[in-house]
Amino acid sequence: MLREVTRPDKSCVSFQYDTFGRRIEKSVTSIHSKGVSEGRQQKVIRFLWNGNNLFHEWEEKCTVGRRKTENKVDFKADYILKLEKREEEKAKKKQGREKIYRII
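Mapped onto the working numbering, the consecutive letters of the sequence shown carry residue numbers -8 to 95.
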């Protein structure tokens, strides 16, 4: 699996995976033209999975020790709505196939 890439502009992109081989984090570290540590910024994109389906992704940005989380609310709502719709469809299908047995 791909672990790290160094771009021509000296920025570094690294990836982390879970035990199932799904990407759980993409980290992009960019260095400004000064090249000092104070000019270093990092953007982290995290991934949350539901089985083999991507459930949610969000982005965090930080500048040397400061971290600011930016949740992509639109993505979150979209994934949750799709999941709820899928679960409702499964429940309807299951409800139609179930047989009720009574013990007398």
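Positions of the beta carbon are idealized from the N, C-alpha and C atoms, including for glycine.
Is it true that the CB of residue j sits closer than 8 Å to the CB of residue i?
{"i": "ARG31", "j": "TRP49", "result": "no"}
{"i": "ARG13", "j": "TRP40", "result": "yes"}
Among the options, whose alpha-carbon lies nearest the alpha-carbon of residue i?
{"i": "SER21", "options": "VAL4, ASN44, ARG13 and GLU51", "result": "VAL4"}
{"i": "ARG1", "options": "ASP9, ILE15 and VAL19", "result": "The sequence given here has Lys at residue 1, not Arg. The option with the nearest alpha carbon to LYS1 is VAL19."}
{"i": "GLU16", "options": "LEU45, GLN86, THR(-3) and LYS76", "result": "LEU45"}
{"i": "GLN33", "options": "PHE11, THR10, LYS52 and HIS47", "result": "LYS52"}
Can you tell me which of the three DSSP states residue i falls into?
{"i": "LYS1", "result": "coil"}
{"i": "LEU74", "result": "helix"}
{"i": "GLN86", "result": "helix"}
Short of 6 Å in beta carbon distance, which residues of its chain neighbour residue i, apart from the five on each side in sequence? Order them along the chain.
{"i": "GLU(-5)", "result": "SER5"}
Which residues does DSSP list as the beta-bridge partners of residue i?
{"i": "ILE36", "result": "LYS17 and GLU50"}
Tell me which residues share the same chain as residue i and place their Cβ nearer than 8 Å to its Cβ, disregarding the 5 neighbours each side in the sequence.
{"i": "GLU75", "result": "none"}
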